[in-house]
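Below: the structure, in structure tokens.
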Amino acid sequence: MVTRTRRRAGRSRLREATRVVVKIGSSLLVEKSTGRLHRKWLQSLAREIARLRGRGQQVVLVSSGAIALGRRYLGLRPDQRKLEEQQAAAAAGQIILAHAYQELLNRHEIKVAQVLLTLEDTESRQRYLNARNTLQTLLELGAVPVINENDTVATAEIRYGDNDRLGARVAEMVSADCLVLLSDVDGLYSADPTRDPGAQLIAEVHEITPEIEALAGASATEFGSGGMVTKLVAARIALSAGCATVIASGKRLRPLAAIEAGKPSTWFVSAGTPLAARKQWIAGTLKPRGEITIDEGAERALAAGRSLLPVGVVAVAGRFGRGDAVTIRNRDGRDLARGLVAYDSDEARRIQGRRSDEVEALLGYRGRDELVHRDNLALINGGQP
4 MVTRTRRRAG RSRLREATRV VVKIGSSLLV EKSTGRLHRK WLQSLAREIA
54 RLRGRGQQVV LVSSGAIALG RRYLGLRPDQ RKLEEQQAAA AAGQIILAHA
104 YQELLNRHEI KVAQVLLTLE DTESRQRYLN ARNTLQTLLE LGAVPVINEN
154 DTVATAEIRY GDNDRLGARV AEMVSADCLV LLSDVDGLYS ADPTRDPGAQ
204 LIAEVHEITP EIEALAGASA TEFGSGGMVT KLVAARIALS AGCATVIASG
254 KRLRPLAAIE AGKPSTWFVS AGTPLAARKQ WIAGTLKPRG EITIDEGAER
304 ALAAGRSLLP VGVVAVAGRF GRGDAVTIRN RDGRDLARGL VAYDSDEARR
354 IQGRRSDEVE ALLGYRGRDE LVHRDNLALI NGGQP
């Protein structure tokens, strides 16, 4: 039974999130009887996105549906499911999907941008940083990124295979506070509710134990490739990034409002925050590829929670690429922080000690003002910027 306290908690988590990632399953976007886009449902979601943005929240969409829409558009038969046929369907369906989002969100004066990702884009640090910076910039410009897996080029070896896990990786990438997994189920049950009338909805999960995993079973929908198993995997990824996750039914109109109203759903509650989780990952997980020595002014800036600028750098050691982790030290050789650099080692040496407005002339292109942005930096000797 879902208690009133838990309903209020769920409503509060979604309302108070600064940045929300919403994953939309194929079964919600595609009408089962026709294979066409479910426009009425998508119109409802567009109004919901406008409502969230109206109260100051940023929204990222991870949308399934391209292959299902493209298959109908291209006239593919049910038995035509070779990799290249699925990729062709994705190419056609992505245009349909992107146009629908642009049209319906434009009615609310919301700009939309399409971003296609593969598994490699979130596992390669340089590509991860590129994607993160692009998404951050789009959000700062007021756009809603609509993300899908780049099925037109991805092979089985570099695919997520489901958008639940992609949604979790995106939530991790953009440091989201809340991940909403909208599907055709209400949440996680104690048993299969289609077979056991006594199955109970689990309102909150604070740790994904083997017992919780055993409840997932195996399921799939006609149009989608995910099931409860992939949703638990996604929740685990999001929890490790300090992001709360909710599994809820999207079959009703205004599904986000339903979550806020305390309708049946399952919340996976994180004990940490996205920023703290990211700092811990940078400080304790990544292996440094080089060292950067800074002056006293830069040391004070880091202690005050500011970014590392090139002007404060006095020496660069080692060979590293853009997005790699480095150790930041003071003149006495004491380790101060670890961070992800915005330039490779050769570029860092060329701009060390120089003002940010000189970088373009020195490198021939306009890069970031910071050598290490404060969001990509973790102090390792007390405190966090």
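Just remember that my numbering sits 3 ahead of the position in the sequence shown, which is counted from 1. Don't be surprised by glycine CBs; every beta carbon is placed ideally from N, CA and C. Treat the numbers as computed from the prediction; the structure is a model and nothing was measured.
| Check | Outcome |
| --- | --- |
| Please work out which residues of its chain come closer than 6 angstroms, Cβ to Cβ, to Pro258, disregarding the five sequence neighbours upstream and downstream, and give them in chain order. | Leu185 |
| Going along the chain, which residues of its own chain have a beta-carbon closer than 8 angstroms to the beta-carbon of Val33, five neighbours each way excluded? | Arg39, Leu40, His41, Gly68, Ala71, Leu72 and Phe226 |
| Would you tell me roughly how many angstroms separate the C-alpha atoms of Leu108 and Arg172, rounded to the nearest one? | 24 angstroms |
| Applying the 10 Å Cβ sphere with the 16-neighbour rule, what's the burial state of Leu86? | exposed |
| Provide the residue span of the beta strand (DSSP E) that contains Ala116, from first to last. | Lys114 to Leu120 |
| Going by the CB atoms, is the gap between Val23 and Gln60 shorter than 8 angstroms? | yes |
| I'd like to know whether the C-beta atoms of Glu373 and Leu312 end up nearer to each other than 8 angstroms. | yes |
| Which residue wins for smallest C-alpha separation from Gln89, given the options Ile331, Thr155, Lys266 and Ile98? | Thr155 |
| Any idea which residues DSSP pairs Lys26 with across the strands? | Val65 and Leu184 |
| Kindly indicate which three-state DSSP category Glu294 falls into: helix, strand or coil? | strand |
| Which whole runs of the beta strand (DSSP E) in the stretch 307-372 are 3 residues long or more, in chain order? | 316-321, 328-332 and 338-343 |
| Quick one: residues in its chain with C-beta nearer than 6 angstroms to the C-beta of Asp124, no 5 flanking neighbours on either side, listed in chain order? | Arg130 and Ala134 |
| Ignore the nearest five residues each way along the sequence and tell me which others in Val233's own chain have a CB closer than 7 angstroms to its CB. | Val is not the amino acid found at residue 233; the sequence shown has Thr there. Asp165, Asp167 and Arg168, listed in sequence order. |
| By how many angstroms is the C-alpha of Glu299 removed from the C-alpha of Asn151? | 45 angstroms |
| Which same chain residues, not among the five before or five after Ile51, have their C-beta less than 7 angstroms away from its C-beta? | The identity of residue 51 in the sequence shown is Glu, whereas the question assumes Ile. Excluding residues within five positions, the ones whose Cβ falls inside 7 angstroms are Arg257, Leu259 and Ala260. |
| Which residues bound the alpha helix (DSSP H) around Ser47? | Arg42 to Gly57 |
| Could you check where the alpha helix (DSSP H) with Asn153 kicks off and where it finishes? | Here Asn153 belongs to no alpha helix (DSSP H), and DSSP marks it neither H nor E. |
| Does DSSP put Ser268 in a helix, a strand or coil? | strand |
| For Ser36, count the other beta carbons within 10 Å of its own beta carbon; 16 or more makes it buried, fewer makes it exposed. Which is it? | exposed |
| Looking only at its own chain, which residues have a Cβ that is under 6 angstroms from the Cβ of Ala318, when we skip the five neighbours before and after it? | Thr296 |
| Classify Ala307 as buried or exposed, calling it buried when 16 or more other Cβ atoms lie within 10 Å of its own Cβ. | exposed |
| Among the residues of its own chain, which have a CB less than 6 angstroms from the CB of Ala280, if the five just before and after it don't count? | Ala244 and Gly245 |
| What is the DSSP secondary structure of Val177, reduced to helix, strand or coil? | coil |
| Figure out for me which residue from Arg358, Ala351 and Glu302 has the closest Cα to the Cα of Asp335. | Glu302 |
| Alpha carbons only, please: which of Arg377, Val183 and Phe271 is nearest the one belonging to Glu216? | Phe271 |
| Which of the three DSSP states, helix, strand or coil, is assigned to Glu88? | helix |
| Below 6 angstroms CB to CB, which residues in the same chain sit around Ala269 once its five sequence neighbours on both sides are set aside? | Per the sequence shown, the amino acid found at residue 269 is Thr instead of Ala. For Thr269, where only same-chain residues beyond five positions count, the Cβ hits under 6 angstroms are Gly190, Leu191, Ile205 and Ile250. |
| Please classify Glu350: is it buried, with 16 or more other beta-carbons within 10 angstroms of its beta-carbon, or exposed? | buried |
| Using alpha carbons as the reference points, say which of Gly28, Gln283 and Met176 lies closest to Gln139. | Met176 |
| For the alpha helix (DSSP H) that Val249 lies in, which residues bound it at each end? | Careful: Val249 lies outside any alpha helix (DSSP H), inside the beta strand (DSSP E) at Ala247 to Ser252. |
| Do the CB positions of Ala101 and Val149 come within less than 8 angstroms of each other? | yes |
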